[in-house]
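Participant: Sharing a structure here in structure tokens format.
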Amino acid sequence: KLHSDLDKGVGTVKYTLSGDGAGTVFTIDETTGDIHAIKSLDREEKPFYTLRAQAVDVDTKKPLEPESEFIIKVQDINDNEPKFLDGPYVASVPEMSPVGAYVLQVKATDADDPTYGNSARVVYSILQGQPYFSIDPKTGVIRTALPNMDREVKEQYQVLIQAKDMGGQLGGLAGTTTVNITLTDVNDNPPRFPKSIFHLKVPETSHVGSAIGRIRAVDPDFGKNAEIEYNIVPGDGGNLFDITTDEYTQEGVIKLKKPLDFETKKAYTFKVEASNLHLDHRFHSVGPFKDTATVKINVLDMDEPPVFSKPMYTMEVYEDTPVGTIIGAVTAQDLDAGSSSVRYFMDWKNDVDSYFTIDATEGTIATNELLDRESTAQYNFSIIASKVSNPLLTSKVNVIINVLDVNEFPPEISVPYETSVCENAKPGQVIQTITAADKDLSPAGQRFSFKLPSEASNKPNFTVHDYRNNTAGIEARRNGYSRRQQELYFLPVVIEDSSYPVQSSTNTLTIRVCRCDSDGTIQSCNVEAIFLPVGLSTGALIAILLCIVILLVIVVLYVALRRQKKKDTLMTSKEDIRDNVIHYDDEGGGEEDTQAFDIGALRNPKVIEDNKIRRDIKPDTLRFTRHRPPAEDNTDIRDFINQRLQENDVDPSAPPYDSLATYAYEGNGSVAESLSSIDSLTTEADQDYDYLSDWGPRFKILADMFGEESYNPDKVT
Numbered sequence: 001k002l003h004s005d006l007d008k009g010v011g012t013v014k015y016t017l018s019g020d021g022a023g024t025v026f027t028i029d030e031t032t033g034d035i036h037a038i039k040s041l042d043r044e045e046k047p048f049y050t051l052r053a054q055a056v057d058v059d060t061k062k063p064l065e066p067e068s069e070f071i072i073k074v075q076d077i078n079d080n081e082p083k084f085l086d087g088p089y090v091a092s093v094p095e096m097s098p099v100g101a102y103v104l105q106v107k108a109t110d111a112d113d114p115t116y117g118n119s120a121r122v123v124y125s126i127l128q129g130q131p132y133f134s135i136d137p138k139t140g141v142i143r144t145a146l147p148n149m150d151r152e153v154k155e156q157y158q159v160l161i162q163a164k165d166m167g168g169q170l171g172g173l174a175g176t177t178t179v180n181i182t183l184t185d186v187n188d189n190p191p192r193f194p195k196s197i198f199h200l201k202v203p204e205t206s207h208v209g210s211a212i213g214r215i216r217a218v219d220p221d222f223g224k225n226a227e228i229e230y231n232i233v234p235g236d237g238g239n240l241f242d243i244t245t246d247e248y249t250q251e252g253v254i255k256l257k258k259p260l261d262f263e264t265k266k267a268y269t270f271k272v273e274a275s276n277l278h279l280d281h282r283f284h285s286v287g288p289f290k291d292t293a294t295v296k297i298n299v300l301d302m303d304e305p306p307v308f309s310k311p312m313y314t315m316e317v318y319e320d321t322p323v324g325t326i327i328g329a330v331t332a333q334d335l336d337a338g339s340s341s342v343r344y345f346m347d348w349k350n351d352v353d354s355y356f357t358i359d360a361t362e363g364t365i366a367t368n369e370l371l372d373r374e375s376t377a378q379y380n381f382s383i384i385a386s387k388v389s390n391p392l393l394t395s396k397v398n399v400i401i402n403v404l405d406v407n408e409f410p411p412e413i414s415v416p417y418e419t420s421v422c423e424n425a426k427p428g429q430v431i432q433t434i435t436a437a438d439k440d441l442s443p444a445g446q447r448f449s450f451k452l453p454s455e456a457s458n459k460p461n462f463t464v465h466d467y468r469n470n471t472a473g474i475e476a477r478r479n480g481y482s483r484r485q486q487e488l489y490f491l492p493v494v495i496e497d498s499s500y501p502v503q504s505s506t507n508t509l510t511i512r513v514c515r516c517d518s519d520g521t522i523q524s525c526n527v528e529a530i531f532l533p534v535g536l537s538t539g540a541l542i543a544i545l546l547c548i549v550i551l552l553v554i555v556v557l558y559v560a561l562r563r564q565k566k567k568d569t570l571m572t573s574k575e576d577i578r579d580n581v582i583h584y585d586d587e588g589g590g591e592e593d594t595q596a597f598d599i600g601a602l603r604n605p606k607v608i609e610d611n612k613i614r615r616d617i618k619p620d621t622l623r624f625t626r627h628r629p630p631a632e633d634n635t636d637i638r639d640f641i642n643q644r645l646q647e648n649d650v651d652p653s654a655p656p657y658d659s660l661a662t663y664a665y666e667g668n669g670s671v672a673e674s675l676s677s678i679d680s681l682t683t684e685a686d687q688d689y690d691y692l693s694d695w696g697p698r699f700k701i702l703a704d705m706f707g708e709e710s711y712n713p714d715k716v717t
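Going by UniProt numbering, the first residue of the sequence shown is number 1, and it counts up by one from there.
Here it is, written out as structure tokens:
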């Protein structure tokens, strides 16, 4: 209510209201000044309003007092219940947790004024979920209320939480939320086999590495806590089997490590242990987290293929062995209870298999063709054995046959040698070391011997020194050799091997006599020394040289004829449609030579005139038009000829038929002077070339060419 001291109650004062909510939320009686709320108020929406009031004169409309401001505060009442803004909640706690283990904290919000009364004072309680969990009434913290809650018994819990204002008193408003609590797994349970003995039946034909059975231990835990490791306890049969864990099913997969044989052993028994991989030390007191079970395996008898006595057979046979010779045998047996006969046959794959045959009943292998070690040293093929009672059951084995060598090839010089001997060689000097090779497969320790044939041992020029290590040296026997007397020597060498029967061959070594210096360095050889397994006769060599000379003569004659024909063609005179016909009979080319090069380069530069027109080359200037005066009827013939001659002399386009070239100029001078021997006063016979012998071994050949070598027949050896 508003009231002014100037208001006498006679209706002369009018009250006005302005500000927050004036006219919409609040209204004022203009005569009495009473303020009324015309709308329901909500403190949670707007807790206070600021208004301005004024008293004015009804007649003059003038303010009687200054405008005054006042605040209307909305008083709170408990009209809002607590609310869980984050609900519903999801929480987890490990199983087997102790009492009071923390689970989750919930929080409820009340929109009422917390500073006025107990409208916003919230208290928490559990409506559903006891006796497993408890909640702090003030903080809203949820904790476990029972010990040893087992996930394997019950995993999910739903707890209903209530929040009530007014401190939980009667008449307070309440809100609820749901908390879903899950017990997480811990490794509190060991694996257990559902039975103590597992029986498995396995065929004896099972392959090594294949799975022959599965066993499983049960672990009620979850995830990694339920992972199981299986192991075979050492004992009977443990070395024939292995066990692994299937990571998806946690089953133990039993695999075969070695082949089974019903005829050898029909049953196996061993123990398998199952244990957890991830242990929890808090539960060690519960007991060992492992379990054992017995596995019994019965081997089933199966119809098996024959078994060879060896995994592979190796045999040997000499080459050229007669066809039909037995070189070995293979053996296969049927190990089943009802033993069956075995048949053998070859696994034909290529033509090599046709070299041998096998007896179908006995398994003996014999040659079918003659063998050659030099062609094929080893044969590799397969033999198949099958049961007579069941031909589909077969087994295969590899057979290797090595062909042994028979000494049938003589040894020979291993490589061609280029052998030479110096003219100044001394007796006993080694001029060549030779080695031998044999096409046969030489056994270990085989030796080759080298010697001269008996017919060449009398007064030999050379000899062979056997070093007894499969090499030999060719030694000189004379004190010097003369190239003029004999340029080539053919030395036969006999080479024998040490195998049986002994094989030998005679090889011819060609030795070339060469000129050497004092150090033994070869200076000149006309023909290279080569080794000839079969020497060429002298007549054959002469015939070859004669053919070469004839071919060279034919080529020279052909070239000469071609040049003569070309020269005759160039020297043939040609007609020239001009006033003058000139024919050159000299050996030169006339004007044709001036077209290929500048002859003026050979002229003496001292006599060349700068401004004189060259007549030895054709000028490039424009052709002048000839002005021929008309001939008069009474013109003298001589005057006419002279006039035409003068016109041709001054015409620059006319060819230089009257050119003059000087070839006598040799230049201004030369340091080496003239190389011509025309002015030499001496002849070749007057020259003394003995000084060339003093210039050393490098000029010895030149000295021999220009000097006279005295020949002493007594020194020729």
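We put the beta carbon where it would ideally sit given N, CA and C, even for glycine.
(1) How should Cys422 be labelled, buried or exposed, when 16 other C-beta atoms within 10 angstroms of its C-beta is the threshold for buried?
(2) Locate the alpha helix (DSSP H) running through Val650, then write down its first and last residues.
(3) Touching or not, the segment 475–493 and the segment 507–518, by the rule of three or more beta carbon pairs under 8 angstroms?
(4) List the DSSP bridge partners of Gln128.
(5) State buried or exposed for Val716, treating a residue as buried only when at least 16 other CB atoms are found within 10 Å of its CB.
(6) Considering Lys73, what are the terminal residues of the alpha helix (DSSP H) in which it resides?
(7) Under a three-way DSSP split, which group does Arg563 fall into?
(8) In three-state DSSP terms, what is Arg282?
(9) If we count the other Cβ atoms within 10 Å of its Cβ and call it buried at 16 or more, is Val219 buried or exposed?
(10) First and last residue of the beta strand (DSSP E) that includes Phe26?
(11) Rounded to a whole number of angstroms, what is the C-alpha to C-alpha distance between Ile326 and Thr435?
(12) Beta-carbon within less than 6 angstroms of Asp7's beta-carbon, same chain only, minus the 5 sequence neighbours each way: which residues are those?
(13) Just to confirm, is the Cβ distance from Ile474 to Leu452 under 8 angstroms?
(14) Please report the Cβ distance between Val93 and Ala101, rounded to the nearest whole angstrom; I am assuming they are in contact, meaning their Cβ atoms lie under 8 angstroms.
(15) For Phe308, I'd like the list of residues in its chain whose CB is within less than 6 angstroms of its CB, leaving aside the five on either flank, ordered along the chain.
(16) For the alpha helix (DSSP H) holding Asp242, just list the boundary residues, first then last.
(17) Going straight from the alpha carbon of His199 to that of Gly213, what length do you get?
(18) List, from N- to C-terminal side, the beta strand (DSSP E) runs of 3 residues or more that fit wholly inside the UniProt domain "Cadherin" (309–413).
(19) Are the CB atoms of Tyr157 and Ile126 nearer to each other than 8 angstroms?
(20) Using only the alpha-carbon positions, how far apart do Lys201 and Tyr230 sit?
(21) Determine the closest residue to Asp320 out of Ala377, Lys290, Arg644, with distance taken between C-alpha atoms.
(22) Please classify Gly696 as buried or exposed, where buried requires at least 16 neighbouring CB atoms within 10 angstroms.
(23) Expressed to the nearest angstrom, what Euclidean distance is found between the alpha-carbon atoms of Arg216 and Trp348?
(24) What span of residues does the alpha helix (DSSP H) with Asp704 cover, start to end?
(25) Are the Cβ atoms of Leu240 and Lys224 separated by less than 8 angstroms?
(26) Which residues does DSSP list as the beta-bridge partners of Ile548?
(27) Who are Tyr102's beta bridge partners in DSSP?
(28) Does the Cβ-Cβ distance between Leu163 and Val122 come in under 8 angstroms?
(29) Confirm, please, whether the CB-CB distance from Val317 to Thr367 is below 8 angstroms.
(30) Just how far apart, CA to CA, sit Ala267 and Thr292?
(31) Can you check which of these residues, Pro190, His3, Thr361, Thr506, is closest to Glu455 by C-alpha distance?
(32) Given Asn470, which residues of its chain have a CB within under 8 angstroms of its CB, disregarding the five upstream and five downstream residues?
(33) Going by DSSP, name the residue or residues bridged to Glu475.
(34) Could you check what DSSP says for Lys8 in three-state terms: helix, strand or coil?
(35) Measuring alpha carbon to alpha carbon, tell me which residue in Asn380, Val25, Arg151 is nearest Leu41.
(36) When you measure from the CB of Ala217 to every non-hydrogen atom of the ligand FMN, does any distance come out below 7 angstroms?
Facilitator: In brief:
(1) If you number the sequence shown from 1, residue 422 lands on position 422. The residue in question, Cys422, is buried, as its Cβ has 16 or more Cβ neighbours within 10 Å.
(2) Within the sequence shown, numbered from 1, the residue matching residue 650 stands at position 650. It spans 637–650 - the alpha helix (DSSP H) in which Val650 sits, taken as one unbroken run.
(3) Counting Cβ pairs under 8 angstroms, three or more are found: they touch.
(4) Translated into the one-based positions of the sequence shown, residue 128 becomes position 128. Leu160, per the DSSP bridge assignment.
(5) Against the sequence shown, residue 716 aligns to sequence position 716. Low local confidence applies: a pLDDT of 38 at Val716 is under 50, so the model's placement there is unreliable, and no value is given.
(6) Locating residue 73 in the sequence shown gives position 73, where the first residue counts as 1. No alpha helix (DSSP H) holds Lys73; the beta strand (DSSP E) holding it covers 68–73.
(7) As a position in the sequence shown, residue 563 is number 563, starting the count at 1. Note: Arg563 maps to helix in three-state DSSP.
(8) The count along the sequence shown starts at 1 and reaches residue 282 at position 282. Of the three classes helix, strand and coil, the one that applies to Arg282 here is helix, per DSSP.
(9) Here residue 219 refers to the residue found at position 219 of the sequence shown. Contrary to the premise, residue 219 reads as Asp rather than Val in this sequence. Buried is the call here.
(10) In the sequence shown, residue 26 corresponds to position 26, counting from 1. Unbroken beta strand (DSSP E) run through Phe26: 26–28.
(11) On the sequence shown, residue 326 is found 326 positions in, with the first residue counted as 1. On the sequence shown, residue 435 is found 435 positions in, with the first residue counted as 1. Roughly 39 angstroms separates the two Cα atoms.
(12) In the sequence shown, the residue the question calls residue 7 occupies position 7. Closer than 6 angstroms at the Cβ level, and outside the excluded window around Asp7, lie Val13.
(13) Sequence index remark: in the sequence shown, residue 474 carries index 474 (1-based). Sequence index remark: in the sequence shown, residue 452 carries index 452 (1-based). Not a contact, by the Cβ cut-off of 8 angstroms.
(14) Numbered from its first residue, the sequence shown carries residue 93 at position 93. Numbered from its first residue, the sequence shown carries residue 101 at position 101. With 8 angstroms as the limit, Val93 and Ala101 qualify as a contact, their Cβ atoms being about 6 angstroms apart.
(15) The sequence position of residue 308 within the sequence shown is 308, counting from 1. If we look at Phe308 and ignore the five residues flanking it on each side, its Cβ neighbours are Ala332, Val397.
(16) Here the question's residue 242 lines up with position 242 in the sequence shown. Element bounds for Asp242: not the alpha helix (DSSP H) but the beta strand (DSSP E), 241–245.
(17) Residue 199 sits at position 199 when you count from the first residue of the sequence shown. Residue 213 sits at position 213 when you count from the first residue of the sequence shown. Going from the Cα of His199 to the Cα of Gly213 covers about 9 angstroms.
(18) 312–318, 326–329, 342–346, 356–358, 364–367, 378–387, 394–404
(19) Residue 157 sits at position 157 when you count from the first residue of the sequence shown. Residue 126 sits at position 126 when you count from the first residue of the sequence shown. In this structure, Ile126 does not lie closer than 8 angstroms to Tyr157 by Cβ.
(20) Taking the first residue of the sequence shown as position 1, residue 201 is located at position 201. Taking the first residue of the sequence shown as position 1, residue 230 is located at position 230. Across the structure, Lys201 and Tyr230 are spaced so that their CA atoms are roughly 20 angstroms apart.
(21) As a working mapping, residue 320 is identified with position 320 in the sequence shown. Selected option, being the one with the closest Cα: Ala377.
(22) As a position in the sequence shown, residue 696 is number 696, starting the count at 1. Looking at its Cβ environment, which holds fewer than 16 other Cβ atoms inside 10 Å, Gly696 is exposed.
(23) Mapped onto the sequence shown, residue 216 falls at position 216. Mapped onto the sequence shown, residue 348 falls at position 348. Answer to the nearest angstrom: the Cα atoms are 50 angstroms apart.
(24) Working through the sequence shown from its first residue, we reach residue 704 at position 704. 700–706 is the span of the alpha helix (DSSP H), which, as asked, contains Asp704.
(25) Taking the first residue of the sequence shown as 1, we reach residue 240 at position 240. Taking the first residue of the sequence shown as 1, we reach residue 224 at position 224. No, the Cβ-Cβ distance between Leu240 and Lys224 is not below 8 angstroms.
(26) Along the sequence shown, read from residue 1 onward, the residue named residue 548 stands at position 548. Ile548 pairs with nothing; no bridge assigned.
(27) As a first step, residue 102 must be located in the sequence shown, where it is residue number 102. Its beta-bridge partners are Arg143.
(28) As a working mapping, residue 163 is identified with position 163 in the sequence shown. As a working mapping, residue 122 is identified with position 122 in the sequence shown. Correcting the residue identity first, residue 163 is Ala in this sequence and not Leu. Closer than 8 angstroms, so yes.
(29) As a position in the sequence shown, residue 367 is number 367, starting the count at 1. As a position in the sequence shown, residue 317 is number 317, starting the count at 1. Between Thr367 and Val317, the C-beta spacing is below 8 angstroms.
(30) As a working note, residue 267 is residue 267 in the sequence shown. As a working note, residue 292 is residue 292 in the sequence shown. Approximately 20 angstroms, taken between the alpha carbons.
(31) Residue 455 sits at position 455 when you count from the first residue of the sequence shown. Nearest option by C-alpha distance: Thr506.
(32) Residue mapping note: residue 470 aligns to position 470 of the sequence shown, counting from 1. Closer than 8 angstroms at Cβ, skipping near neighbours: Thr435, Ala436, Arg447, Phe448.
(33) Start at 1 with the first residue of the sequence shown, and residue 475 comes out as number 475. Bridge partners of Glu475 according to DSSP: Val430, Thr463.
(34) In the sequence shown, counting from the first residue as 1, residue 8 sits at position 8. Coil.
(35) The sequence position of residue 41 within the sequence shown is 41, counting from 1. Looking at the Cα atoms, Val25 is the closest of the given residues.
(36) With respect to small molecules bound, the structure shown includes none, and the ligand FMN cannot be examined in it.
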